[in-house]
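First residue of the sequence shown: 57, per the working numbering; consecutive thereafter. Read the structure below first, then the notes.
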Amino acid sequence: MRKKSREVIEELRIMFTGRAHLLDSILPPFVFLIAYTVWGFSPALWASLALAGLFVLFRLLRGHALIYALGGAGGALVAVAVAWLLGRAEGFFLPGIITGLVTVVLCLASVVAGRPLVAWTSRLARRWPLDWYWHPKVRPAYTEVTVAWTIYFTVRLLLQVFLFREAQAEALAILQILLGWPATILLLVASYVYGTWRLKKLGGPSVEEFKNDAPPPWEGQQRGF
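Below you can see the structure in the form of structure tokens.
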């Protein structure tokens with residue numbers, strides 16, 4: 057169990073390496089919630105803009121690439137602009153709702169097409185051969201995890217849409233904080249644990265065995281998903 061826990065932590069470190077914009081998903085809704093609760097709508101927008109500016113300054117001082125500095129602030133700026141145009145506090149969360157909808161559509165489309173989204177995300181992080189993911193004794197694991205992702209993101213989207221229609225800005229902020237990175241990290245851990253177990257059950261080749269065109273029986277992928 058301890059070995060597996062260390063393995064999961066190391067794998068999470070690989071997945072989040074270089075994610076300089078991680079705090080951008082956590083702090084904006086938190087700051088917006090506090091400012092909106094204490095001072096109201098307009099001060100909450102200004103607080104969010106100030107936070108975006110601090111992110112840009114922080115990244116530039118840390119020597120991050122300009123694309124990260126501007127991209128990191130972009131999400132908060134778009135959210136503030138939408139909220140201001142709509143004149144509604146819950147408008148701050150509309151870009152995130154749209155992003156969630158796109159994620160659900162991509163998950164569903166990838167499963168239907170037989171090219172599960174989780175395989176693509178793994179490919180981006182690990183650079184394993186793309187054809188390996190489509191092996192008949194490998195692809196089912198990624199398909200099943202993608203289906204789980206679809207369910208999670210659909211439930212989150214439905215909750216967000218309901219709260220948006222009910223004009224519940226505070227509840228939307230709390231939901232985004234709880235179902236943002238904390239829940240996403242739990243989802244990634246569960247995906248990894250189930251995915252590695254499923255790969256072993258499927259009995260397909262490991263990445264190295266696939267590269268070397270090794271004949272069955274295969275040892276299978278022992279680590280990584």
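C-beta atoms are modelled at their ideal positions from N, C-alpha and C, and glycine is treated no differently.
From 184, 219, 213, 166, residue whose alpha carbon lies closest to that of residue 196:
In the sequence shown, counting from the first residue as 1, residue 196 sits at position 140. The shortest C-alpha separation from residue 196 is found at 166.
What residues in its chain sit with their C-beta under 7 Å from that of residue 134, if we drop five residues either side in the sequence?
In the sequence shown, residue 134 corresponds to position 78, counting from 1. Closer than 7 Å at the Cβ level, and outside the excluded window around residue 134, lie 151.
Looking only at its chain, what residues have a beta carbon closer than 8 Å to the beta carbon of residue 136, apart from the 5 residues adjacent to it on each side?
Sequence index remark: in the sequence shown, residue 136 carries index 80 (1-based). Closer than 8 Å at Cβ, skipping near neighbours: 101, 104, 105, 108, 148.
Measuring only the C-alpha atoms, how far is residue 218 from residue 212?
In the sequence shown, the residue the question calls residue 218 occupies position 162. In the sequence shown, the residue the question calls residue 212 occupies position 156. If you take the alpha carbons of residue 218 and residue 212, they lie about 10 Å apart.
Give a yes or no on contact between the stretch 238–245 and the stretch 153–165, applying the rule of three or more CB pairs nearer than 8 Å.
no
Should the stretch 262–276 be called in touch with the stretch 245–254, which here means at least 3 C-beta pairs below 8 Å?
no
Which whole-angstrom value is the C-beta distance of residue 173 and residue 202, which I expect to be below 8 Å?
By 1-based counting over the sequence shown, the position of residue 173 is 117. By 1-based counting over the sequence shown, the position of residue 202 is 146. Contact holds; Cβ gap of about 5 Å.
Looking at residue 146: is its Cβ nearer than 8 Å to the Cβ of residue 220?
In the sequence shown, the residue the question calls residue 146 occupies position 90. In the sequence shown, the residue the question calls residue 220 occupies position 164. Yes, Cβ-Cβ distance for residue 146 and residue 220 is below 8 Å.
What is the C-beta distance between residue 216 and residue 156, in whole angstroms, given that I count them as a contact (C-beta under 8 Å)?
Here residue 216 refers to the residue found at position 160 when the sequence shown is read from its first residue. Here residue 156 refers to the residue found at position 100 when the sequence shown is read from its first residue. 6 Å between Cβ atoms; contact.
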